Structures are given as structure tokens and as C-alpha cells.
Amino acid sequence: MWTLMRLLITSTCLVGAQVIIEYARTRPDAHDPQRANPSDAGLDVFYSPVNEGQAVSLNPGESRIIPTGLRFGIPHGYMLEVKNRSSVASKRSLLVGACVIDSGYDGEVFINLHNVGKSPQFLKSGDKIAQVVMLPVVNFRAVQSTSGDLYRSPITISDRGDGALGSTDE
Numbered sequence: 003m004w005t006l007m008r009l010l011i012t013s014t015c016l017v018g019a020q021v022i023i024e025y026a027r028t029r030p031d032a033h034d035p036q037r038a039n040p041s042d043a044g045l046d047v048f049y050s051p052v053n054e055g056q057a058v059s060l061n062p063g064e065s066r067i068i069p070t071g072l073r074f075g076i077p078h079g080y081m082l083e084v085k086n087r088s089s090v091a092s093k094r095s096l097l098v099g100a101c102v103i104d105s106g107y108d109g110e111v112f113i114n115l116h117n118v119g120k121s122p123q124f125l126k127s128g129d130k131i132a133q134v135v136m137l138p139v140v141n142f143r144a145v146q147s148t149s150g151d152l153y154r155s156p157i158t159i160s161d162r163g164d165g166a167l168g169s170t171d172e
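As numbered in my numbering, residues 3 to 172 make up the sequence shown, in order.
What follows is the structure, given as C-alpha cells:
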């Protein structure tokens, strides 16, 4: 079964193919998503305040929902995953929270940012805040086990079992 699953996943990942994703601005001053380099996996998204020119602050330990001013038409069978930008995370200690944007959602995209640093951070209109990466979605469903022994037959491809949280460390 795992071989079949790998085959299905591999066959949907076309090397060099380009999937088009449409977007729309919810405000005229919103910045277009940008790919800084052709080889980048994601598109950068920017802070776009509802009130033009409005800055926002994030104190240490604080979380905020940051507007992008963008809506995306995500094709069925795909999702956008919001990821940290390395410079924003490492230099400003701002990390992304909730990450999945489903293809069925067509409202404005908001980025959940957390300040995990020790100093306040300020965002002004047009600051890069995160990146979005498009990923294929595997259609699956969960089936409840009717047996008390969930592991009566191996369901994983490894011998790890239920070891977690550093269980393989000596």
C-alpha cells in the first residue's frame, strides 16, 4: 500500500510544471505577492493595513493577526501553507502561527504572527511578513478501528512504532 501511495504522490509532482494561482487585492494599496528568486519555493506576502499607513506593534510574547490585503484562488487539490521567512524569523523573532489556507477559502488572507523575542517589533505597510507555498493535498479519510488492537498489522513503513519526543535518544 505504501508503494502505491508513494507512486500516486510522485506522479502528481511534475518537475518543472507550473500551476497558475490567481489572486486579487482587497485594497488598492496591497502589495502583490512576489517571488524574490525564480528558484524560491514560496511567494512573499506583505503587511497591508486596513487603514493606509497604519503601523502595528508586537510586544514580546504577543500574537497578532496581520492583514495581507490579498485573496487567492487556490486550485482544488492544492493548499497554500504559510511559512516563516528566514529573515523575519531570525532577525525579528516573528514566527507564523496558523498555517493552512484551504482551496475552499476565498477571503482575505491574514497571517498569525507571534513575537517570540525579547523586544517589541513594529510592522509598517509593505513589510514582508511571511511566504506562502502551494502544496498538493492528498484526499484522505479517517476510519475508526473496530478492533482494540490498532497495530494488529503494521501501519507504518518503519519499526519506530509510537516512540515520540526523543524516544530514540540514548
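All C-beta atoms, glycine included, are put in the ideal place defined by N, C-alpha and C.
All of these numbers come straight from a predicted model, not from anything done at the bench.
Per DSSP, the unbroken beta strand (DSSP E) holding V98 starts and ends at 96 to 98.
Spatial neighbours of N117 in its own chain (CB-CB distance under 7 angstroms, excluding positions within 5 residues in sequence) are listed in chain order as L60, N61, P62, G63, E64, S95, L96, Q123. Judged by DSSP secondary structure, V47 falls within the beta strand (DSSP E) whose first and last residues are 45 to 48. Under a 10 Å Cβ-count criterion, V102 is classified as exposed, with fewer than 16 other Cβ atoms of the shown protein chains found around its own Cβ. Under the three-state reduction of DSSP, A91 is assigned to helix. Look at V84 here: in three-state DSSP terms it is strand.
By the C-beta criterion, the region 46 to 55 is judged not to be in contact with the region 142 to 150, since fewer than 3 inter-stretch pairs fall below 8 angstroms. In the three-state reduction of the DSSP assignment, K130 falls in the strand class, which pools E and B. The criterion of a C-beta distance shorter than 7 angstroms is not satisfied by L115 and I76. Annotation: R29 to T148 spans about 52 angstroms, alpha carbon to alpha carbon. Counting along the chain, the unbroken beta strand (DSSP E) around N114 starts and ends at 112 to 117. Annotated three-state conformation of G63 is coil, per DSSP.
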